[in-house]
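First up is the structure itself, then whatever we jot down about it.
Chains as they are written, first to last, in my numbering: chain A, 7 to 121; chain B, 15 to 125.
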């Protein structure tokens, strides 16, 4: 149990375009989902926290207009990187937590490369 | 979240027990100790967590000191596939449940 998927696993896009990443909890309802970013040889950095049906809470320094997060259902959250630039190239990872769980379960990550 | 301190790297012989230490002297009474690991280019994998008592599951054992200022993750019989970065995190058992990742310990299991 506690499986979280992400799609796509890898994406390459041109500078200025937008990219959507999906995060799904496959076998439980995720009341809270989290989005992280990880640069090479660095640790995970929390970008935002989202609760189903409400606006996401962004960490300091993360632009909410650039990283749009939608958590419209208990099994799906999306992260849209708008007007992507090369410096947005990174490994994006989501995690999910169910109402009855005190543990986060992570997706496999999405490798974004912006040319 | 509590600040945690882990050694940057450790080696372990294949088949032997791997004991990974973590200091979390500022952990508060309602904060759990979580352990995750991350194999290269994958998302973190949940291993185990505990509050006060020692815990064991199919992956590992977690030993928490009585004062809760430190803990040890034990992989009883390390295999090559256990090579990964291991993160010890102090996280709230209530509220936002946010996890703050430090630098972790790079465990290398050697044949």
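Glycine residues also receive a C-beta, built at the ideal position from the N, C-alpha and C atoms.
| Check | Outcome |
| --- | --- |
| Three-way DSSP call (helix, strand, coil) for residue 94 (chain B) in this model | helix |
| Minimum C-alpha distance to residue 54 (chain A) - residue among A:86, A:114, A:79 | A:86 |
| Interface flag, residue 50 (chain A) vs chain B, CB-CB below 9 Å | yes |
| Start-to-end residues for the beta strand (DSSP E) that takes in residue 104 (chain A) | 96 to 104 |
| Contact set between residue 111 (chain A) and chain B, taken where Cβ atoms lie within less than 7 Å | 60 |
| For residue 93 (chain A), three-class secondary structure by DSSP | helix |
| Exposure of residue 124 (chain B), with buried meaning 16 or more beta-carbon neighbours within 10 Å | exposed |
| One or two residues paired with residue 99 (chain B) in a DSSP bridge | B:52, B:120 |
| Alpha carbon of residue 121 (chain B) to alpha carbon of residue 23 (chain A), nearest angstrom | 39 Å |
| For residue 68 (chain A), the three-state DSSP class (helix, strand or coil) | coil |
| Residues that residue 26 (chain A) bridges to, as DSSP identifies them | A:86 |
| Beta-carbon proximity of residue 10 (chain A) to residue 29 (chain A), cut-off 9 Å | yes |
| Identity of the residue in B:100, B:113, B:88 nearest residue 22 (chain B) by Cα | B:100 |
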